[in-house]
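Student: Residue numbers (numbering that gives the first Met the number 0), protein chains in the order written: chain A, 0 to 248; chain B, 0 to 341; chain C, 0 to 449; chain D, 0 to 379.
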Amino acid sequence: MKDEFVADSAAADRSAAFFSVRDVHAYYGESYIVQGISFEIRKGEILALLGRNGAGKTSTLRTIARTGTPQLKSGEIWIEGKPVHQMKPHEASRTGIQLVPEDRRIIQGLTVEENLALAQVAPGHGWPLERIYEHFPRLAERRRQDGVTLSGGEQQMLAIARALARDIKLLLLDEPYEGLAPVIVQEIEGILNAIKPLGITTIIVEQNAVAALRLSDRAVILDTGEVAFTGSAKEVLDNADLRHEYLAI
Amino acid sequence: MEAIFAQLLNGLDKGGAYALIALGLTLVFGTLGVVNFAHGALFMLGAFCAVAFRELITYEIVTTDPEQLSPWGSPLEIRTPIAQQYLGDWGAVIIDYSVPLSILLAIPVMLIIGIVMERGLIKHFYNRPHAEQILVTFGLAIVLQELVKTFFGPNPIPQPMPSTFRGAADVGSWLGLTPGAVTYPWWRLVYFLFSIGILSAVFAFLRFTTFGMVVRAGMADRETVRLLGIDIDRRFTLMFGLAAVVAGLAGVMYTPLLPPNYHLGMEFLVLSFVVVVVGGMGSLPGAVAAGFLLGILQSFASMTAIKNLIPGIDQIIIYLLAVVILLVRPRGLMGRRGVMES
Amino acid sequence: MTNFKKGISRRRLIKTGLAGVLATGVSPYIFSRSAFAQEFCNAPTGDTVTLGFNVPLTGAYADEGADELRAFELAVEHLNGEGDGGMIPHFSSDALTGNGILGKRVAYVTGDTQTQSDAARDSARRMIERDGALMISGGSSSGVAIAVQGLCQEMGVIFMAALTHSNDTTGKDRRRYGFRHFFNAYQSGIGLGPQLGDAYGTDRRAYHLTADYTWGWTQEESMIAATEALGWETAETVRTPVGAGDFSQYITPVLNSGADVLILNHYGFDGVNSLTQAVQFGLKDRQANGKNFQIVLPLVSDLMAAGAGNAMQGVFGTSNWYWSQQDEGSKAFTNSFGAKYGRPPSQAAHTSYVQTLLYADAAERAGTFYPPEVIRALEDYEFDGLGNGPTLYRGADHQCFKDVFVVQGKENPSNEFDLLEVVSTASRDNVTYAPDFFEGELGPYDPAMC
Amino acid sequence: MNVLRLPRQDVILFAVFAIVVLTMPIWLTPFGAAYPGLMQKFAIFAIFAVGFNILFGLTGYLSFGHAAFLGVGSYTAVWSFKLFTMDAIPALIFAVLMSGVFALGIGFVSLRRSGIYFAILTLAFAQMSYNLAYSVLTPITNGETALQLTNNDPRVIDMMFMERTAGLPSPSIFGQPLGGIGGFYLCAVLLLVAFFIAQKVFASPFGMMLRAIKSNQTRMSYTGFNTRPYALTAFVISGMYAGLAGGLLAVTDPLAGAERMEWTASGEVVLMTILGGVGTLVGPVIGAWLIKYLENIFSAFNEGMLHATFSWLPDGVEDIVVAVTSKFVGEGWHLTLGLVFVLIVVFLPGGIMEGVRRIRSAVANRRDNRRTRFSTSAAE
């Protein structure tokens with residue numbers, strides 16, 4: 000399967016791809032976490048990034064967003080022909096890459112509205128606040144509240160809304176369903192389904208592989224920091240062995 | 000009763016100074032994550048802005064008259080202050096108000112010093128261990144104070160307050176107590192109000208401006224702010240400049256209360272670190288509350304009745320409180336989780 | 000005595016002009032030192048004699064220290080026959096001829112005591128061990144003076160204390176190798192008492208703020224004794240740390256203490272700060288017990304008066320000497336100091352200058368630098384012409400006895416240095432006390448080997 | 000004697016170190032530093048820094064209050080002189096024990112926190128000790144005046160054997176007086192002992208454990224392993240080193256002042272350790288020597304000497320050069336210290352020892368390169 004991927008990516012024309020990751024290696028201090036990952040995404044595509052705990056999914060997202068940890072040692076990341084691997088985090092964000100982290104990172108001490116407004120300080124504005132409030136009436140109700148006092152689901156909503164407030168080209172969703180009650184999961188799933196038609200290119204990392212795959216067009220499976228499989232979402236859903244071997248489901 | 004009230008008042012001006020220094024220290028710490036041992040030196044530099052300003056405007060042309068001798072045997076010197084020569088009475092007024100006027104000098108100077116310090120040195124230490132930050136800023140503090148010593152000498156240089164503010168206000172009689180029972184020097188009152196003013200301005204700035212919002216966000220979560228496309232480092236540089244200005248202004252206005260010498264910063268530094276820790280690392284309201292609290296406590300501890308009860312308490316109250324707070328509430332009065340704990 | 004103790008301490012190089020950066024120590028002395036025997040510590044062998052001046056250049060008494068240094072330099076000049084000779088022509092002894100001391104040219108080294116006993120001893124040791132200083136002078140803090148005096152006794156080097164006012168210096172901590180020209184707190188009390196009685200009456204309550212070390216303690220004790228003898232009460236005595244800077248927290252309690260006089264047993268910048276802050280708190284304009292509130296600064300110098308500015312006006316204190324004295328010696332000293340530095344000398348400068356001259360004179364009269372002989376020449380020596388009238392260096396405690404000046408801050412100073420005026424003088428007889436009034440022991444004459 | 004055994008390279012290091020220390024009076028002469036007062040300080044502050052490094056270098060706990068133990072050691076030693084005997088040995092033993100007790104108390108409390116909180120706690124304790132020694136503890140410390148010997152001290156043990164003499168006695172060891180160079184050799188021998196013990200600690204399993212605390216405090220506590228007793232032991236040991244240094248200060252000059260406990264004094268030992276190289280054996284010693292040398296020699300330069308040094312320059316240039324350099328020597332030596340220190344922290348975080356290591360590896364590389372170049376050309 001690895002060979003298949005290599006052949007596949009070698010054939011792809013770099014400049015044609017909307018977003019590509021090429022042989023990326025990244026470290027947390029001494030520990031070698033991302034061990035040479037490559038994949039690419041076409042515009043408007045939704046990609047599920049799957050794998051067991053510790054396979055390097057979150058680290059890959061953080062490397063793409065250029066957070067600094069893990070530290071990118073070598074490899075290239077391109078979006079629309081721009082070299083993200085040479086950028087600082089705020090520069091990466093200005094190319095339209097937006098990470099919605101696993102722990103949502105709603106900023107303490109800022110109201111809901113300030114959390115949203117913060118996304119529009121730097122160049123690259125997305126949805127105006129009114130449009131966000133239209134889509135997320137619950138946030139509108141709580142706009143004066145301290146962001147961290149929201150419930151888990153509401154915080155996830157706020158995090159997604161905050162990303163939408165930026166001029167977003169590539170959305171990186173890290174475990175959007177993590178720690179949420181099933182009812183809330185459905186609600187978030189609804190939101191994600193609702194923004195799917197907007198055509199935002201998305202990478203989604205999720206423990207709940209089935210839920211992720213339902214949303215996605217394609218899937219990449221990681222295993223101990225390397226790409227183990229690339230293919231369509233349907234292939235993964237259909238291939239029980241694959242799921243069993245890499246995803247334990 | 001009056002004695003207690005008098006001591007309470009007396010804690011206010013010192014508390015104001017502590018609060019202003021601790022506020023800047025906390026801003027720098029909260030935004031940049033840098034433990035700045037040179038912050039006291041910024042207070043001292045501010046004080047010397049006042050000294051420099053006064054020396055500038057009281058600059059005298061000295062001519063000697065060899066015909067006449069002074070009583071101690073040297074040729075008689077005739078001194079003409081330039082400001083008075085050219086500006087007449089206005090010159091005298093400017094000299095009289097030199098301390099508050101030197102704020103105009105201190106703001107740009109401190110801003111530049113702050114920015115140069117951050118760009119030139121501090122920024123290389125964001126990702127280095129706290130111990131190294133402490134050490135490099137400690138070294139910087141030594142360099143700064145020695146530079147001041149080189150230019151201004153080792154001795155304190157008294158700065159007179161404007162003549163309008165000499166003497167003491169009869170605060171007691173305003174409150175219906177026996178006239179003369181509680182008096183409080185005008186300038187200390189001015190200093191207290193000034194510190195309240197600066198504190199309010201800084202808080203309003205943080206609360207109501209976009210820049211302030213970014214800074215608050217940055218103090219809570221630098222990474223997320225960066226991921227939202229904000230070049231926070233550039234703003235932090237300005238923030239460092241602002242903290243330097245706050246410390247500097249605190250120093251300028253403090254000069255009539257305590258003649259500044261090159262060592263002033265170190266004396267205030269230890270105290271203000273204790274203030275920051277007591278208030279809670281990274282908490283701005285904590286720093287301010289702790290500043291006033293410690294100023295007032297220190298003042299109370301000097302009351303004879305209390306000293307007779309616990310000998311030596313006036314000498315150690317601040318440190319004792321720091322120890323107790325750190326043991327009972329490790330994050331200080333208003334500290335948050337996760338600050339300085341990684 | 001072992002041979003070890005002679006050490007490697009005789010460094011002559013610094014003052015010989017060879018001195019460059021490396022020359023501080025480039026010397027083969029290590030191999031040759033044992034070759035010559037030395038009969039006492041730092042016996043001068045060349046054609047110069049080195050004196051060590053140990054003054055505070057930082058800390059609460061730095062102003063005084065800087066002025067002492069000026070005076071030492073002037074004294075060295077005059078001893079070497081340069082300049083106008085200052086007080087030497089007016090000195091009752093004619094042993095000094097402007098030919099150095101015993102024909103050897105006077106050189107000097109300096110050190111910063113930082114107004115701290117530890118640092119002062121360090122720097123004194125450096126001057127004795129490395130630079131070969133034969134006499135140490137300096138002070139400006141009694142704590143420092145006592146500490147250095149003890150060291151000098153151990154090392155067998157004469158210590159001519161400059162500004163030190165504690166009773167202990169020549170009282171319980173007196174040493175055979177230590178001498179003090181300056182007056183002491185007890186004498187201040189005797190001098191100041193009657194003046195305070197005349198000015199403020201006999202029904203007063205005094206509040207003391209006291210620098211927390213030997214000088215402050217003895218001055219407080221002496222002032223309490225002097226004022227209680229007038230019939231005053233002592234409301235409270237509060238100790239403050241040296242170099243506190245901000246005294247407001249100690250001044251506030253004075254307001255409601257029922258006291259009507261504040262006695263500030265502070266000196267140097269401490270005195271300046273506490274006095275100006277007390278005035279800021281409105282103490283001078285205050286009424287208490289139906290009387291005008293008063294502030295007293297028992298030991299005052301013109302440097303402090305300059306620092307305190309208006310706050311000093313009308314405040315009483317005592318002084319060892321003041322530059323407007325009209326005797327010939329004082330006039331000559333003031334003129335030669337003023338010509339060199341453009342300002343009149345302070346009492347600290349005066350006592351430093353006089354002590355240096357007295358040491359040189361004693362060595363001349365003894366005909367040797369051998370410390371026991373120099374000490375004997377100083378003991379019970381009566382002299383005049385050095386600004387304080389007839390003066391006795393008492394042998395029993397090495398304290399000088401002379402008139403004590405009571406001064407007051409001038410209301411309308413005519414120039415920036417004319418800040419104090421002498422309002423009365425306590426005669427030498429009045430301020431003389433029995434040698435055993437303070438208990439203490441001088442120790443042996445025998446020179447130790449450094 | 001297993002206790003005395005050391006790895007081979009440590010034995011060599013110790014031997015070289017011993018020679019360097021004991022021959023100080025010779026090799027320091029060209030530097031103008033070979034007088035007893037300064038050499039004693041060299042040895043004493045080296046002990047202080049080596050001890051501080053056992054805590055800071057191994058465990059990473061930055062104490063900003065170590066001077067308190069130095070002060071306690073000094074006071075204890077002087078009291079031993081006053082109450083019992085002028086002999087140095089009991090004084091030093093008491094000094095070490097007493098500062099050990101203080102370190103135990105302060106360390107027990109302070110080690111409940113780490114990082115900057117630990118630094119502030121130690122600082123707070125040291126400042127409390129300093130302020131109290133200065134004020135209400137005056138009966139014990141003699142405050143600002145500093146604790147000194149007096150003629151009527153009891154000295155009960157000495158009084159059993161000899162008559163009270165007229166002058167003040169001075170400290171001795173087995174009846175041998177300790178002034179001057181003798182005092183230096185006592186300090187030097189104790190420095191060697193202290194250094195040897197530090198070597199043992201570094202090489203021992205206990206030392207390994209301390210290093211583990213530094214490298215991963217959190218992981219060690221996750222594994223349920225209680226690191227505090229180890230850190231506390233290190234704290235107490237380094238406190239006792241400080242006490243020994245303080246005791247020696249009193250032995251070489253029987254006086255103990257409160258300013259020895261001030262936080263700037265604590266800062267000084269931190270500077271020494273960093274300057275030389277944290278966590279190395281020799282580094283703190285070099286740092287201590289360098290700072291004490293600068294303090295004593297640099298600070299004693301005056302303009303006259305500078306003029307003599309630069310007299311070969313043309314007149315105008317000489318004045319300028321002297322004016323500029325005079326800012327960095329004499330009164331201004333702290334400026335030099337501050338600058339050197341900042342430069343070291345910025346460019347050589349490992350201190351002088353790291354510089355030595357870098358130079359050594361650069362030289363080694365060059366040699367390797369030359370060898371490779373030679374072999375390739377030979378192959379051609």
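In this text, a Cβ means the ideal position worked out from N, Cα and C, and glycines have one as well.
Note down, in chain order, each residue of its chain lying with its Cβ closer than 6 Å to the Cβ of phenylalanine 35 of chain C, except the 5 sequence neighbours on either side.
Tutor: The predicted model places phenylalanine 35 of chain C with a pLDDT of 39, which falls under 50 and marks its position as unreliable; any figure quoted below should be read in that light. Once the five neighbours on either side are set aside, phenylalanine 35 of chain C has no close Cβ partner at all.
Student: From this set, C:Met126, C:Tyr206, C:Asp259 and C:Thr169, which residue's C-alpha is nearest isoleucine 223 of chain C's C-alpha?
Tutor: For the residues C:Met126, C:Tyr206, C:Asp259 and C:Thr169, the minimum Cα distance to isoleucine 223 of chain C belongs to C:Tyr206.
Student: Taking only beta-carbon atoms, is leucine 198 of chain B less than 7 Å away from chain A?
Tutor: No, no contact with chain A.
Student: Output yes or no for whether 7 Å exceeds the beta carbon distance between isoleucine 53 of chain D and serine 237 of chain D.
Tutor: Yes, the Cβ-Cβ distance between isoleucine 53 of chain D and serine 237 of chain D is below 7 Å.
Student: Looking at the unbroken beta strand (DSSP E) that takes in lysine 213 of chain D, where does it start and where does it end?
Tutor: Premise fails: lysine 213 of chain D lies in the alpha helix (DSSP H), 204 to 214, not in any beta strand (DSSP E).
Student: Helix, strand or coil: which one does DSSP assign to phenylalanine 182 of chain C?
Tutor: Three-state result, phenylalanine 182 of chain C: coil.
Student: Taking 6 Å as the cut-off, is the CB of alanine 42 of chain C close to at least one heavy atom of the ligand MG?
Tutor: The model on display carries no ligand, and the ligand MG is accordingly not part of it.
Student: Along the region 306 to 335 of chain B, what residues have a CB closer than 7 Å to any CB found in chain D?
Tutor: So the list reads Pro310, Gly311, Gln314, Ile315, Tyr318, Leu319, Ala321, Val322, Leu325, Leu326 and Pro329, given in the order they occur along the chain.
Student: What do you reckon, are the CB atoms on glycine 311 of chain B and leucine 131 of chain D nearer than 7 Å?
Tutor: It is a contact, given that the beta carbons lie within the stated cut-off.
Student: Assuming the contact rule is C-beta atoms closer than 8 Å, valine 147 of chain C and isoleucine 135 of chain C should be a hit. Round their C-beta distance to whole Å, please.
Tutor: With 8 Å as the limit, valine 147 of chain C and isoleucine 135 of chain C qualify as a contact, their Cβ atoms being about 6 Å apart.
Student: What does a CB cutoff of less than 6 Å around alanine 16 of chain A pick up in its chain, not counting 5 residues either side in sequence?
Tutor: Closer than 6 Å at Cβ, skipping near neighbours: Glu39.
Student: Suppose only complete runs of 4+ residues qualify. What are the alpha helix (DSSP H) ranges in the region 153 to 184 of chain B, listed by chain order?
Tutor: Listed in chain order, the complete alpha helix (DSSP H) runs (minimum 4 residues) inside the region 153 to 184 of chain B are 170 to 173.
Student: Can you give the beta carbon distance from threonine 251 of chain D to glutamine 39 of chain D, rounded, assuming they're within the 8 Å contact cut?
Tutor: The pair is a contact, with the Cβ atoms about 5 Å apart (cut-off 8 Å).
Student: Give a yes or no on whether 7 Å exceeds the smallest Cβ distance from glycine 123 of chain A to chain B.
Tutor: Answer yes: the Cβ-Cβ gap between glycine 123 of chain A and chain B drops below 7 Å somewhere.
Student: Mind listing which residues of the region 192 to 205 of chain C have their C-beta closer than 9 Å to chain D's C-betas, in chain order?
Tutor: From the region 192 to 205 of chain C, no residue has a Cβ closer than 9 Å to chain D.
Student: Here's a check: name, in chain order, each residue in its chain whose Cβ is nearer than 6 Å to the Cβ of isoleucine 180 of chain D, leaving out the five neighbours to either side.
Tutor: Answer for isoleucine 180 of chain D: Pro35, listed in chain order.
Student: I'd like to know whether the C-beta atoms of glycine 137 of chain C and valine 54 of chain C end up nearer to each other than 7 Å.
Tutor: A contact, by the Cβ cut-off of 7 Å.
Student: Is it right to say lysine 5 of chain C is buried, meaning 16 or more other beta carbons lie within 10 angstroms of its own, or is it exposed?
Tutor: Bear in mind that a pLDDT of 34 at lysine 5 of chain C, under 50, signals an unreliable position, so the number given afterwards is only what the model happens to contain. Flag for lysine 5 of chain C reads buried.
Student: Which residues does DSSP list as the beta-bridge partners of arginine 217 of chain A?
Tutor: A:Leu46 and A:Ser231.
Student: Give me, in chain order, the residues of the same chain whose beta-carbon lies closer than 7 Å to that of arginine 342 of chain C; leave out the 5 immediate sequence neighbours on both sides.
Tutor: So the list reads Phe416, once near-sequence residues are dropped.
Student: Kindly indicate if chain B contains any beta-carbon less than 7 Å away from that of phenylalanine 436 of chain C.
Tutor: By this cut-off, phenylalanine 436 of chain C is not an interface position.
Student: Round the Cβ separation of glycine 350 of chain D and isoleucine 343 of chain D to the nearest angstrom and send it over; I've been treating them as touching at under 8 Å.
Tutor: With a Cβ gap of about 6 Å, glycine 350 of chain D and isoleucine 343 of chain D count as contacting.
Student: For the region 152 to 169 of chain C, which residues have a beta carbon sitting closer than 7 Å to at least one beta carbon of chain F?
Tutor: Structure shown: chain F not included; protein chains present are A, B, C and D.
Student: Given that glycine 138 of chain B touches chain D, what residues does it touch there, using C-beta distances under 7 Å?
Tutor: Under the 7 Å cutoff, chain D gives Gly337, Phe340, Val341 and Val344.
Student: Between glutamine 257 of chain C and the rest of its own chain, which residues show a CB-CB distance below 8 Å, the 5 nearest in sequence each way excluded?
Tutor: Note that residue 257 of chain C corresponds to glycine in the displayed sequence, not to glutamine. Arg204, Ala234, Ala287 and Asn288.
Student: Residues of chain C with CB under 7 Å from glutamate 1 of chain B, in chain order?
Tutor: Here the neighbours are Asn255.
Student: Assuming the contact rule is C-beta atoms closer than 8 Å, tyrosine 249 of chain C and glycine 142 of chain D should be a hit. Round their C-beta distance to whole Å, please.
Tutor: Not quite, the Cβ-Cβ distance comes to about 17 Å (not below 8 Å), so this is no contact.
Student: Determine, for threonine 149 of chain B, whether the minimum Cβ-Cβ distance to residues of chain D falls below 7 Å.
Tutor: Yes, contact with chain D.
Student: Hey, phenylalanine 332 of chain C and glycine 85 of chain C: beta-carbon distance below 7 Å or not?
Tutor: Cβ atoms of phenylalanine 332 of chain C and glycine 85 of chain C: closer than 7 Å.
Student: Could one say the Cβ of methionine 262 of chain B lies closer than 7 Å to chain D's Cβ atoms, at least one of them?
Tutor: According to the sequence shown, residue 262 of chain B is histidine rather than methionine. For histidine 262 of chain B, the answer is no, since every Cβ of chain D falls outside 7 Å of its Cβ.
Student: Of all Cβ atoms in chain B, is any one closer than 7 Å to the Cβ of valine 120 of chain A?
Tutor: It does: the Cβ of valine 120 of chain A has a partner Cβ on chain B nearer than 7 Å.
Student: Along the chain, where does the beta strand (DSSP E) containing valine 237 of chain C start, and where does it finish?
Tutor: 232 to 239 is the extent of the beta strand (DSSP E) around valine 237 of chain C.
Student: So is phenylalanine 368 of chain C buried or exposed if we call it buried at 16+ other beta carbons inside 10 Å?
Tutor: It is buried - the Cβ of phenylalanine 368 of chain C has at least 16 other Cβ atoms within 10 Å.
Student: Are there 16 or more other CB atoms within 10 angstroms of the CB of histidine 474 of chain C, so buried, or fewer, so exposed?
Tutor: No information on residue 474 of chain C is available, as it lies outside the stretch 0 to 449 that chain C covers here.
Student: If I follow the unbroken beta strand (DSSP E) through methionine 134 of chain C, where does it start and stop?
Tutor: From DSSP, the beta strand (DSSP E) with methionine 134 of chain C extends over 134 to 137.
Student: Where does alanine 193 of chain A land, buried or exposed, given buried means 16+ other C-beta within 10 angstroms?
Tutor: With fewer than 16 other Cβ atoms within 10 Å, it is exposed.
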